[in-house]
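Structure first, commentary second.
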Amino acid sequence: MKQRDPQLALRLDGGEGHADGAAARWHDGAPLAYLGATVALRLDNGCGGGRREAVLEGDTLHLPLPPEASPRQIRDAAETWLRAQAVRLISAALATESRRLGRPTPEASLSFASRASWVRQDGKGGLRFHWRLAEQPEDVIGQAARHAIAGLPTSTAMPELFGAV
3 MKQRDPQLAL RLDGGEGHAD GAAARWHDGA PLAYLGATVA LRLDNGCGGG RREAVLEGDT
63 LHLPLPPEAS PRQIRDAAET WLRAQAVRLI SAALATESRR LGRPTPEASL SFASRASWVR
123 QDGKGGLRFH WRLAEQPEDV IGQAARHAIA GLPTSTAMPE LFGAV
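Pasting the structure below:
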């Protein structure tokens, strides 16, 4: 049987090169960047009925996971919450900046590219924002939204082709 090239092997730990790296990065009490600060991850399946979703309380993000959760489970739960926050924050910034610039609010989606800018046009009149933008302060998110909206082509009102003269 032919050996698989180690460079092609899937790394399910999501760590910095080995399983120990994942355990060091994703554990109860680990820091997570959010809005220019850090929040502490807490595994909290709620001693009774259990939490059903992640909840941010102050500077602590309570994840609905048992104490024996794997680093992969912790990473997935934390990133799922962060991505949902990215959608919420970016949508709010787009609405605010669109109003301020007197432009319609463009469609937006998240980008998960490993090497991408904060925002780029999607070629269909919409914008793709990198999901990790939620790690930046709100003023940076607003600035990215403002810059992206300003870079979109403006639509000028055209008279109807078959309208009355």
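So the sequence shown is numbered by the numbering used here: it starts at 3 and just counts up by one.
Glycine residues also receive a C-beta, built at the ideal position from the N, C-alpha and C atoms.
What's the C-alpha gap between residue i and residue j?
i, j, result
"W83", "A56", "7 Å"
"A42", "A118", "27 Å"
"L37", "R130", "19 Å"
"H1", "R85", "In this structure the chain extends from 3 to 167, so residue 1 is not present and cannot be described."
"G50", "Q145", "Below a pLDDT of 50, predicted positions are generally treated as unreliable, and G50, at 49, falls in that range; the measurement from the model is reported next regardless. Using only the alpha carbons, I get a separation of about 43 Å."
"L45", "L154", "42 Å"
"R101", "T107", "8 Å"
"A143", "N47", "According to the sequence shown, residue 143 is Ile rather than Ala. Spanning the two alpha carbons is a distance of roughly 31 Å."
"I151", "S93", "12 Å"
"E59", "L103", "34 Å"
"L34", "H132", "17 Å"
"G127", "T40", "34 Å"
"P66", "E137", "21 Å"
"S113", "L135", "10 Å"
"Q75", "D61", "21 Å"
"T156", "A32", "45 Å"
"R105", "D141", "20 Å"
"A25", "R77", "10 Å"
From the DSSP secondary-structure annotation, give me the bridge partner or partners of residue i.
i, result
"V121", "F131"
"A113", "Reading the sequence as shown, one finds Ser at residue 113 and not Ala. Bridge partners of S113: H132."
"P33", "A42"
"E140", "E140 is not bridged to any residue."
"V57", "H64"
How close, in whole Å, do the beta carbons of residue i and residue j come, if the pair is a contact with beta carbons under 8 Å?
i, j, result
"L63", "A80", "7 Å"
"L91", "A110", "No, L91 and A110 are not in contact; Cβ-Cβ is about 11 Å, not under 8 Å."
"R148", "E99", "5 Å"
Stretch-stretch touch, CB-based, cutoff 8 Å, three pairs: the stretch 121-136 with the stretch 63-78: no
Enumerate, from N- to C-terminal direction, the unbroken beta strand (DSSP E) stretches of 3 or more residues contained entirely within the stretch 61-102. 62-65
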